[in-house]
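FYI, the numbering for the sequence shown is 1010 to 1571, going by this note's numbering.
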Amino acid sequence: MTVCGLSVRLPRAAGLTLCACSVLVSIHVGLAQGAPVIDSSSVDGSTLTITFSESLTPASTAVAAEFAVKHGEESISVSSAEIDGAVVTLTLEEAVPDVDCSDESVTVGFSPGSSSLIGVGGGTIEQFSHQSVANRTDAAPRIDSIESDATGRYIYVTFCEAIADLSYQWSDFSAFTVSVDGVTRPVNDLLRRSDSRNRLDIQLSRSQAISEGDSVTLAYDQRRANADYPLADLDQGNQLVESWAARSVTNNVDGPPTLQTVSALYEVVTLTFSEQLDEDSVPDASAFTIGGIQNVPAVDDVTVSGQTVTLALDGILPSRDSPTYTLSYLEPNQAPLRQLDGAHNVADIFSFQFMSSTPDRKPAFSDAAVDGSLLTITFDLPLKAVAPASAFTIAGEVEITVTAAAFEGSLVTLTLSPAVTVNSSITVSYSVPDAPPRIEARNNRDADAFRSQPVTNRTSAPVPEFSRAETSADGTRLTIDFTLPLDATAEGTPAASSFSLSGTTASVSSVTVSGSSVTLGLAPLADVSQAIMISYTPPEGESEPRLRSLAHQKVVEAFSGQ
């Protein structure tokens, strides 16, 4: 085409403006047009759409795996990708959370491999990354937590977003099921407070309040909800809260420790509480009172350990005729019983009833045993006193006297003179003294007399011990004397190698056992002017001969440097 005398080649579909009487030519062409750009992108649940600046050709293809979608730092897989005009729609394997329930941003990226996104103008979309995506997801409110308050009157259901205000609008609360230790408790009312717009407060009556340690669950059935004031979010979509099966409720009730049990044995009363107590906060004994019968012992001392409070009385609590005792506690101004963390003090306790386990019978002889000079008698109850030595007599093969008597727990220990020998057989007797002290149990009952009770003899046979050693005047022999007669048989005569000498050039050449002495033959002869040291080591083999006593074959122990 010739315009104003100029030769101009115009592409197809060119736009042309001619100014008469001038050579100005304005030409608008679609040649060298760029790739389509993203106009917008948004996500609603599991559907993400990307809108481009122009339509894509029918020949365009989109492979799901070549798109990268992230919610915050979490990647979300793409299950399918479809093209429709200028829009690419991605179906996500996981829905993006409600925009009101997440502060995380959503982004999309594209790295073409097998995909081919071509605009109708001929431009090809290359890769892009971290493209911001508007989150338009409006899902049913998600529960973040369910817990009780500290009093047990309320169960707090906290959602991820604000919910509609339905305070005091429901009269039928059957949509909610509160179960405490497997037993259903009625709901008193529902509240949504202005300062906690994302929390539903489920109110229980005072008599139905949750207690510390209770196991609590909460369920919701949307079908039973109030249709006029539904449990829903505050968005334009007014998404209803979905039904949920029984969910565990975190029990935050923190009440004061409660008294669980009281037991009594002798002069000790033990209190067990529901939780650990502060061991550094110990009340004075005057804070406690034991009652129920006349002339009850007073509390002398108080100790606190873990969940237990122990009261020491100035007398026992008898169990005869099965009396019922009472315990009372009045919180003192100083050092009261309290929780381990000090948050709550133990409340006053009024007339908590309990029984005494103190046995009512007399202490009875169980058995007796002797070991040398000590004879022990075991009774079936713990004792608080013992009779003097003169109340006990020992009978047997020789005359034995009791020189002392003592007790500890349920054992009486008698000191004997002379000591009982290994083969002796004795009996023990007890006569009740006319006046205390007597054998008396902690329950204030005296033991009866007993006669000729057998005594188990646990006295060990004595072991021969080194007494002295001496060399002969001519240096041919060394004689060792022991404290007991020795076995002179071959089994009691060890080899010469069992003995060793120091301080001399002499060696042991022979061993002879006779009476309580061992004679060692020396070769070469010993120099009698020298200080000679003798040592003995029993052989290792069990069947090898060794020094031993004549009476009980007690083996002589090794000795050295004698």
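For each residue, glycine too, the CB sits at the ideal point set by N, CA and C.
Query: Contact test: Thr1186 Cβ vs the ligand SAH heavy atom, cutoff 7 Å; Result: Here there are no bound small molecules, and the ligand SAH is not part of this structure.
Query: As assigned by DSSP and simplified to three states, the class of Glu1091; Result: strand
Query: Rounded separation between Phe1459 and Thr1430 - CA only; Result: 24 Å
Query: Three-state class that DSSP yields for Gly1501 in the structure shown; Result: helix
Query: Terminal residues of the beta strand (DSSP E) in which Ala1478 lies; Result: 1475-1480
Query: Cβ-Cβ distance between Lys1563 and Arg1454 below 8 Å; Result: no
Query: Residues bridged to Tyr1439 (per DSSP); Result: Phe1401, Phe1459
Query: Contacting residues, own chain, Cβ-Cβ under 6 Å from Ile1302 (five flanking each side not counted); Result: Pro1332
Query: Ser1569 vs Ser1552 beta-carbon contact at 8 Å; Result: no
Query: Straight-line Cα distance separating Ile1435 from Val1527; Result: 35 Å
Query: Pair within 8 Å by beta-carbon distance, Val1537 and Thr1480; Result: yes
Query: For Thr1412 and Ile1386, the rounded distance between their alpha carbons; Result: 15 Å
Query: Val1464 in three-state terms, based on DSSP; Result: coil
Query: Contact the segment 1111-1123 vs the segment 1073-1091: 3+ CB pairs below 8 Å; Result: yes
Query: Gly1128 versus Val1072: straight-line alpha-carbon distance, rounded; Result: 17 Å
Query: Cβ separation of Ala1572 and Ser1050, assumed to be a contact under 8 Å, to the nearest whole Å; Result: Beyond the ends of the chain as shown, which are 1010 and 1571, falls residue 1572; an answer cannot be given.
Query: Cβ shell of Thr1488 (< 6 Å), same chain only, five flanking positions each side left out; Result: Glu1479, Ser1526, Thr1528
Query: Status (buried if at least 16 other CB within 10 Å, exposed otherwise) for Thr1514; Result: exposed
Query: When Asp1293, Ala1173, Ile1299 are compared against Asp1244, the one with the closest alpha-carbon; Result: Ala1173
Query: As assigned by DSSP and simplified to three states, the class of Asp1287; Result: coil
Query: Simplified DSSP state of Gln1231, which is helix, strand or coil; Result: helix
Query: Closest Cα partner of Gln1462 within the set Thr1468, Val1277, Ser1438; Result: Ser1438
Query: Distance between Thr1410 and Ala1394 (C-alpha atoms, nearest Å); Result: 21 Å
Query: Within 8 Å, strictly: CB atoms of Thr1226 and Ser1188; Result: yes
Query: Where the beta strand (DSSP E) containing Ser1176 begins and where it ends; Result: No beta strand (DSSP E) contains Ser1176, which DSSP labels as neither H nor E.
Query: Presumed contact (8 Å Cβ cut-off) between Ile1164 and Val1258, rounded CB distance; Result: 6 Å
Query: Leu1033, buried or exposed, once every other Cβ within 10 Å from all chains shown has been counted against 16; Result: Because the pLDDT at Leu1033 is just 32, under 50, the model does not fix this residue reliably, and the value given afterwards should be weighed accordingly. The residue in question, Leu1033, is exposed, as its Cβ has fewer than 16 Cβ neighbours within 10 Å.
Query: Cβ contact check for the segment 1468-1475 and the segment 1500-1520: 3 or more pairs under 8 Å; Result: no
Query: Three-way DSSP call (helix, strand, coil) for Gln1217 in this model; Result: helix
Query: Proximal residues to Ala1159 (C-beta, below 8 Å), its chain only, five neighbours per side dropped; Result: Asn1261, Val1262, Asp1263
Query: Helix, strand or coil at Ser1469 according to DSSP, with G and I counted as helix; Result: coil
Query: The segment 1177-1184 touching the segment 1121-1137, judged by at least three CB pairs closer than 8 Å; Result: no
Query: Cα-Cα separation, Pro1575 to Ala1535; Result: With the chain running from 1010 to 1571 in the structure shown, residue 1575 is simply not present.
Query: C-beta contact flag for Phe1061 and Ala1090 at 8 Å; Result: no
Query: Helix, strand or coil at Val1108 according to DSSP, with G and I counted as helix; Result: helix
Query: Inter-residue spacing [alpha-carbon to alpha-carbon] between Val1464 and Gly1222; Result: 56 Å
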